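Each remark here refers to the structure printed beneath this line.
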Amino acid sequence: MKDYSYYSIINSYQIENNYCENLIKEISYINNEPIWLKCFRINSFYNLKKIKIPKWGNFFLKKIFLENSSFYNFHDYKNNLNLKKTYKKFINKKKAVDFIYNSISIKTTMKNKLLKNGIIFCSINEAIKNYQLMIKKYLGKIIKQYDNFFSCLNSSIFSDGTFVYIPKYTICPIELSSYFRINDEIGQFERTLIICDNYSKVSYLEGCTASIKKKSQLHSAVVELISNKNSIIKYSTIQNWYKGNVYNYNGIYNFVTKRGICIGKNSNLIWIQIESGSSITWKYPSCILKGNFSISEFYSISLSNNYQQIDTGTKNIYLGNYCNSIINSKSIAIDNSYQTYRGIIKVYNYSNNSKNFTSCDSIIIGNGKIFTFPINLINNSLCLIEHEANILKISNNEILFLKKRGIDEINCYNLILNNFCFEIIKKLPLEFYYEINELINTIINYSII
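Reminder that position 48 of the sequence shown reads as 50 in my numbering, one-by-one numbering, no gaps.
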């Protein structure tokens, strides 16, 4: 398999169409994909040529597309010692984990045990082969190929990812998780599809890390979640990509499209995300509340330092009656970092008696900057929409107050910020509670010192 550059794919209108199609066909051939999926990729590529790279925001995207970095890399994982060491370090044999290394899924644990209960947990490429009708029915139905530039890019060249299906009247007995690792100078374009059938429940955790490299790499993922009648999907993300050097050069560019839909009555979708890595992050998990009495909950912690740029938020679209959503966003900007919260609450005129409460709280340390852009589009007078926002700056008086009680300066900041984030951290699975606290403390210690 050849290594093709981002430049070749994204600026493909400058190259012959046949050449670009051959790149996509080669990926499809390696994965032994059906004709309909090959057409899905090629149609996405044609849409990609018509869509421009987003220019809003305070970000500089040009250089990532001009670097000669590969977007697909197949590993001989059986003979790769480095890969085996990474796998053993991060995989717990007692947990169900799908391990994606660079471009492909290396191992999915406990999938046969789960299958005895009718639960499908495997890589997206394996699901395409074994559950083709289900994948064909749902792939790209929530996030269309032409939705935005990066979803188009992903639909053209996605390599692997995770597929989860929870059958009716089933509560998944264990936490499901995927671990995404970028270990070489390569882009990662994974795809995740989770379907929870009627009266079912699943908790899924996604972790992301990358090694230190000399060039910035691109991560562009697509996540689609489908929650049916009386079902619950709890989707948690801990994003700790490599953020680059002290000026955040050469870090990961993280552009992700995530969307879920609550189809049936009393369906529930819970988003929990921790953002601490990558040089630049764009991420706006959104939920379509279609079923009556459906619920969406969004909890987020964004922690940035040095010159990181994080542009995140959430979108809730109300279609059903008596729908409810909660948004709780915590932002911490340290040093010279930038953070932006963009939120949209859109209530259609036929969505009666729906509610939303949004809380955006921020803390600034040093020269950090935080911006909030909430948009409420309300077309129904029978709904209740509330929004509050607070921006605080830790003062010397607060630090001095704690120091007088025998707490050193570093622990003063740790105490304040951990208390600030506690409400969201406690919603994560217990085994990750202390790890996140430790991650926050490490970042604070490094920044304050």
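The C-beta atom is built at its ideal place from N, Cα and C for all residues, glycine as well. These numbers come from a predicted model, not from an experiment.
For residue i versus residue j, is the C-beta distance shorter than 9 Å?
i    : j    : result
T333 : Q275 : According to the sequence as given, residue 333 is Ser; it is not Thr. Against a cut-off of 9 Å, the Cβ pair of Q275 and S333 comes out as no contact.
I148 : K52  : Contrary to the premise, residue 148 reads as Tyr rather than Ile in this sequence. In this structure, K52 lies closer than 9 Å to Y148 by Cβ.
V258 : H221 : yes
V225 : R261 : yes
K267 : T314 : no
Y201 : S233 : yes
L384 : N421 : no
I297 : N323 : no
N270 : I235 : yes
I240 : K203 : no
I265 : C423 : no
Q310 : N252 : no
N351 : N382 : yes
L39  : L135 : no
Output the boundary residues of the beta strand (DSSP E) element that contains residue i.
i    : result
A98  : 98-103
S46  : Premise fails: S46 lies in the alpha helix (DSSP H), 37-52, not in any beta strand (DSSP E).
N256 : 254-264
Q311 : 311-320
K285 : 282-285
K371 : 371-380
F403 : No beta strand (DSSP E) holds F403; the alpha helix (DSSP H) holding it covers 398-405.
K332 : 326-337
A391 : 386-395
E226 : 224-229
K138 : Premise fails: K138 lies in the alpha helix (DSSP H), 134-140, not in any beta strand (DSSP E).
E299 : 297-306
D363 : 357-368
N242 : 234-242
I110 : Strictly speaking, residue 110 in this sequence is Thr, with Ile absent from that position. Per DSSP, T110 belongs to the beta strand (DSSP E) from 106-110.
V166 : 163-168
Take the Cβ of residue i as the centre, count every other Cβ of all protein chains shown within 10 Å, and call the residue buried at 16 or more, exposed below.
i    : result
S71  : With a pLDDT of 49 at S71, under the threshold of 50, the modelled position of this residue cannot be trusted, and the question is left open.
N114 : exposed
G408 : exposed
C198 : buried
L321 : buried
S397 : exposed
C41  : exposed
L68  : Annotation note: pLDDT 40 at L68 (below 50); position unreliable, no value reported.
I55  : exposed
I214 : exposed
I377 : exposed
E208 : buried
L432 : exposed
Y301 : buried
Y206 : buried
E388 : exposed
Excluding the 5 residues preceding and the 5 following residue i in the sequence, name in chain order all residues of the same chain whose CB lies nearer than 6 Å to its CB.
i    : result
N443 : N416
G163 : I126, E192, R193, T194
I137 : A129, I130
I290 : I263, I319
T374 : Y343, C362, A391
E299 : I272, I328
S306 : I312, A335, S339, Q341
I346 : K317, I377
K118 : none
N294 : K267, G322, N323, Y324
I176 : A98
What residue does the alpha helix (DSSP H) around residue i start on, and which one ends it?
i    : result
L207 : That residue, L207, is in no alpha helix (DSSP H); its beta strand (DSSP E) goes 203-212.
S153 : 151-159
N114 : 113-117
I272 : Run containing I272: none in the alpha helix (DSSP H); it sits in the beta strand (DSSP E), 270-277.
Q341 : Per DSSP, Q341 belongs to no alpha helix (DSSP H); it is in the beta strand (DSSP E), 340-349.
Y415 : 411-427
I'd like the list of long-range same chain contacts for residue i, defined as Cβ closer than 8 Å, with 5 residues on each side in sequence excluded.
i    : result
I446 : I336, I412, Y415, N416, L419
Y2   : In the structure as shown, the chain starts at 3 and stops at 451, and residue 2 therefore has no counterpart that could be examined.
Y255 : L63, I66, S218, Q219, L220, H221, S280, S281, I282
E23  : I44, F47
N81  : For N81, the predicted structure reports a pLDDT of 49, less than 50, and the residue's modelled location is therefore unreliable. A value from the coordinates is still provided. Nothing listed; no residue qualifies.
L379 : I346, I347, K348, V349
S30  : L39, K40, R43
S369 : Before going on, a small fix: residue 369 reads as Asn here, not Ser. The answer, listed in chain order, is D337, N338.
For residue i, collect the residues of the same chain with a Cβ closer than 7 Å to its Cβ; drop the 5 residues on either side in sequence, then sort them by chain order.
i    : result
L116 : A98, F123
T211 : R183, N242, W243
I372 : S333, A335, Q341, S364, I366, I393
N49  : Q147, Y148, C154
I486 : Since the first residue of the chain shown is 3 and the last is 451, residue 486 is not available in this structure.
V248 : N308
Y15  : Residue placement at Y15 is poorly supported in this model, since its pLDDT is 36, which falls under 50; the coordinates still yield a value, given next. For Y15, where only same-chain residues beyond five positions count, the Cβ hits under 7 Å are K51.
K357 : N326, C385, L386
K292 : I263, C264, I265, L321, G322
Query raised in the report: If you pair each beta-carbon of the region 170-183 with each one of the region 149-158, do three or more pairs fall below 8 Å?
Result: The region 170-183 makes no contact with the region 149-158, as fewer than three CB pairs between them are under 8 Å.
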